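For the sequence shown, position 15 matches number 15 in full-length UniProt numbering, and the numbering has no gaps at all. All C-beta atoms, glycine included, are put in the ideal place defined by N, C-alpha and C. Since the structure is predicted, the reported quantities are computational estimates derived from the model, not experimental observations. Step one of this worksheet: look at the structure below.
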Amino acid sequence: AATENIPLKQKIFNDLEHACPSHCILATNTSSIGLEVVGANIKSQDRLIGAHFFSPAHIMRLLEIVRSNETSLQVIVDLLGLAKSLQKVPVVVKSSPGFAVNRVFFPYGMGAHFLADLGIDPYRIDSIIKGFGMPMGPFRMADLGGLQTGTLVNKIWFQAYPDRVYASPLMPLLYNDNRLGESAGKGYYNYQGKRKEKPAPELKNYLEQSRKLAGLSSSDKVTNITDQEIVEMIFFPVINEACRVLEEKVVINSSDLDIASVLGMAFPAYRGGIVFWADHIGADYVYSKLLKWESIHGNFYKPSNALEMCATRKIQL
């Protein structure tokens, strides 16, 4: 598969348009690049669609079907049929950077990196997030996906949502030192044998460099944070982005995000999905926490207008 490389994907689809018959569907498995960017150089916008499978594709049941304003209804119907034949659960979403699932969850990894830069042990973070119900923590997940992909995708987030990203130096430091994740045998963890991860003692050096580059002094370090606060500081920005996705009608229903979060990101099913969980906690509680953290840590935690409205009116997302 082609990496999240915009010029490469544009060339591929330009070549495909010339090589394929006019009835052929042009589908991309991009995880984050908008259809209008992938297909910028083609004329057949009506048959361009996103078919975003989630890794590992033979296990994850979600198929995110991405439509643009130009995608024909017949092409969408055809992709729904394909999903059924593959025994996948389809969710139709509107094209935007990151689509629905990856866009909602882009703050997940950033929140974890922010806490690591504040002095929280990444392995503690991973352990707590596993205890919350995720199959693995954000740093282990970054290793699984590969730091090359993570670095490319982060660039997309930085360009698309510059008002609310956290750009930790940690991943670039590891990437530049060829610590590319599980496939390379080392990343945030070290790997021996078949997918067996072990904490990397040398990660401490990268963390110290990252904190210095991030401009965080020793007085910024946090040591007395509770497990619940770690969960909230990682997942509440995710809820915040989910509010924006719903407000922009990237998905039709909040239940689409619940299904997608469970089947695409392995959010714990017993919590009902990211929006259901947020409604259970209460928008006013999430909003108050984000407002507090924004005053301390800045725009990464700034509550969205949509969340503020739900909190003020005391309504569900």
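query, result
"Roughly how many angstroms separate the alpha carbons of Lys84 and Gln316, rounded to a whole number?", "31 Å"
"Taking 8 Å as the cut-off, decide whether the C-beta atoms of Ala100 and Ala260 are in contact.", "yes"
"Mind listing, in chain order, the continuous beta strand (DSSP E) runs of no fewer than 3 residues lying wholly within the region 4-40?", "26-28"
"Are Ala214 and Pro162 close, meaning C-beta to C-beta below 8 Å?", "no"
"Going by Cα to Cα distance, which pick from Ala160, Gly187 and Asn305 is closest to residue 351?", "The chain is shown only over 1 to 317; residue 351 falls outside these bounds and no answer can be derived."
"Output the distance between the C-alpha atoms of Arg61 and Ile120, rounded to the nearest integer angstrom.", "33 Å"
"When you compare each of Ala283, Lys302, Ser295 and Lys292 to Ala311 by their alpha carbons, which one comes out closest?", "Ala283"
"By Cβ distance below 7 Å, which residues in the same chain neighbour Gln265 in space, the five residues on each side in sequence not counted?", "Per the sequence presented here, residue 265 reads as Met, with Gln not at that position. Cβ neighbours of Met265 beyond the five flanking positions: Val101 and Phe105."
"Suppose you measure from the CA of Pro199 to the CA of Tyr189; what does that come to, to the nearest Å?", "5 Å"
"Starting from the C-beta of Phe158, find all residues in its chain whose C-beta is less than 7 Å away, skip the five residues before and the five after it, and write them out in chain order.", "Val165 and Ala167"
"Can you tell me whether Val153 is buried or exposed? The criterion is at least 16 other CB atoms within 10 Å of its CB, across all chains shown.", "buried"
"Ignoring anything shorter than 3 residues, give me the beta strand (DSSP E) runs that lie fully in the region 192-222, in order along the chain.", "196-199"
"Please classify Asn69 as buried or exposed, where buried requires at least 16 neighbouring CB atoms within 10 angstroms.", "exposed"
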